[in-house]
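K.L.:
Below you will find the structure I want to go over with you.
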Amino acid sequence: MADSSFDIVSKVERQEVDNALNQAVKEISQRYDFKGTNASIAWSGEKILMQANGEERVMAILDIFQTKLIKRGISLKSLDVEGEPQLSGKEYKLFASVTEGISQENAKKVAKAIRDEGPKGVKAQVQGDELRVSSKSRDDLQAVQALLKGKDFDFAIQFVNYR
1302 MADSSFDIVS
1312 KVERQEVDNA
1322 LNQAVKEISQ
1332 RYDFKGTNAS
1342 IAWSGEKILM
1352 QANGEERVMA
1362 ILDIFQTKLI
1372 KRGISLKSLD
1382 VEGEPQLSGK
1392 EYKLFASVTE
1402 GISQENAKKV
1412 AKAIRDEGPK
1422 GVKAQVQGDE
1432 LRVSSKSRDD
1442 LQAVQALLKG
1452 KDFDFAIQFV
1462 NYR
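To get the numbering used here, take the position in the sequence shown, counting from 1, and add 1301.
Okay, here's the thing in structure tokens:
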């Protein structure tokens, strides 16, 4: 019998991030505490730029955006906030980026967890920015998925191509 397999990836739907961003823009424009503050959130190239006239307002914008991401089913582990708000002229700015793909180092962490704690006979291979897990038994693969869901990695993972 052929091996069954699935891939472990770290992907984010760009459209869902856009939708969350648009919802955050709408909420910021409607909220009373942001009236007349020039508060905004928008794409700036591949990054997301949040700006307002106060440090706490920028952090409030970030909080709104994170809430919208969660509601759209996007893990906050895939949002990389770059430091603290920086003063630029009269406004505070904060950049965030959406990370995708599993780095070689993180793929090795996942593979090690599968080797150490997973069922015997399960193989994990790094393939670019994803990890292929294969085994003769589908039950073993489901056990690996349950094991990885229970782990708290510092990056988001999804399971795709289950065969």
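Built from N, CA and C at the ideal position, the CB exists for glycine as well.
1) Curious, which full-length beta strand (DSSP E) runs of at least 3 residues does the segment 1377-1404 contain?
2) Less than 6 angstroms between C-beta atoms, sequence neighbours within five positions excluded: which residues of the same chain meet that for residue 1426?
3) Quick one: grab the DSSP three-state call for residue 1348.
4) Measure the C-alpha to C-alpha separation of residue 1401 and residue 1454 and round it to an integer number of angstroms.
5) Please report the straight-line C-alpha distance between residue 1340 and residue 1458, rounded to a whole angstrom.
6) Nearest-angstrom Cα distance between residue 1312 and residue 1399?
7) Tell me which residues share the same chain as residue 1463 and place their Cβ nearer than 6 angstroms to its Cβ, disregarding the 5 neighbours each side in the sequence.
8) Looking only at its chain, what residues have a beta carbon closer than 8 angstroms to the beta carbon of residue 1354, apart from the 5 residues adjacent to it on each side?
9) Starting from residue 1305, trace the alpha helix (DSSP H) in both directions and tell me its first and last residue.
10) Quickly, what does DSSP pair residue 1359 with across the bridge? List them, please.
11) In chain order, what residues of the same chain have a beta carbon less than 6 angstroms from the beta carbon of residue 1265, not counting five sequence neighbours either side?
12) If you measure between the beta carbons of residue 1358 and residue 1321, is that distance less than 8 angstroms?
13) Whole angstroms is fine: what's the gap from residue 1346's alpha carbon to residue 1421's?
14) Tell me whether the beta-carbon of residue 1437 lies closer than 8 angstroms to the beta-carbon of residue 1304.
15) Sort out for me which residues DSSP pairs residue 1460 with in a bridge.
16) Quick one: using the 10 Å Cβ neighbour count with 16 as the cut-off for buried, is residue 1316 buried or exposed?
P.N.:
The structure says:
1) Segments of the beta strand (DSSP E) lying fully in the segment 1377-1404: 1380-1382, 1387-1389, 1392-1399.
2) Counting from 1 along the sequence shown, the entry for residue 1426 is found at position 125. Hits under 6 angstroms: 1433.
3) One-based indexing of the sequence shown puts residue 1348 at position 47. Correct three-state label for residue 1348: strand.
4) Along the sequence shown, read from residue 1 onward, the residue named residue 1401 stands at position 100. Along the sequence shown, read from residue 1 onward, the residue named residue 1454 stands at position 153. Rounded to whole angstroms, residue 1401 and residue 1454 show a C-alpha spacing of 14 angstroms.
5) What you label residue 1340 is simply residue 39 of the sequence shown in a count that begins at 1. What you label residue 1458 is simply residue 157 of the sequence shown in a count that begins at 1. About 32 angstroms.
6) Within the sequence shown, residue 1312 is the residue found at index 11, counting from 1. Within the sequence shown, residue 1399 is the residue found at index 98, counting from 1. Roughly 10 angstroms between the two C-alpha positions.
7) Here residue 1463 corresponds to residue number 162 of the sequence shown, with the count starting at 1. Annotation for residue 1463: 1307 place their beta carbon closer than 6 angstroms to its own, counting only its chain and skipping 5 residues before and after.
8) As a first step, residue 1354 must be located in the sequence shown, where it is residue number 53. Excluding sequence neighbours, residue 1354 sits near 1338, 1339, 1340, 1391, 1392, 1393.
9) Working through the sequence shown from its first residue, we reach residue 1305 at position 4. Per DSSP, residue 1305 lies in no alpha helix (DSSP H) segment; the continuous beta strand (DSSP E) that holds it begins and ends at 1305-1310.
10) The count along the sequence shown starts at 1 and reaches residue 1359 at position 58. The partner list for residue 1359 (beta bridge, DSSP) is empty, contrary to what the question assumes.
11) Because the chain in this structure spans residues 1302 to 1464, residue 1265 falls outside the shown range and cannot be described.
12) The residue given as residue 1358 occupies position 57 in the sequence shown. The residue given as residue 1321 occupies position 20 in the sequence shown. No, the pair does not count as a contact, with Cβ atoms beyond the cut-off.
13) Residue 1346 sits at position 45 when you count from the first residue of the sequence shown. Residue 1421 sits at position 120 when you count from the first residue of the sequence shown. Our two residues, residue 1346 and residue 1421, have alpha carbons roughly 45 angstroms apart in a direct line.
14) Counting from 1 along the sequence shown, the entry for residue 1437 is found at position 136. Counting from 1 along the sequence shown, the entry for residue 1304 is found at position 3. Residue 1437 places its beta carbon less than 8 angstroms from that of residue 1304.
15) In the sequence shown, residue 1460 corresponds to position 159, counting from 1. 1309, per the DSSP bridge assignment.
16) Start at 1 with the first residue of the sequence shown, and residue 1316 comes out as number 15. Of the residues assessed, residue 1316 falls on the exposed side of the cut-off, its CB having fewer than 16 other CB atoms within 10 angstroms.
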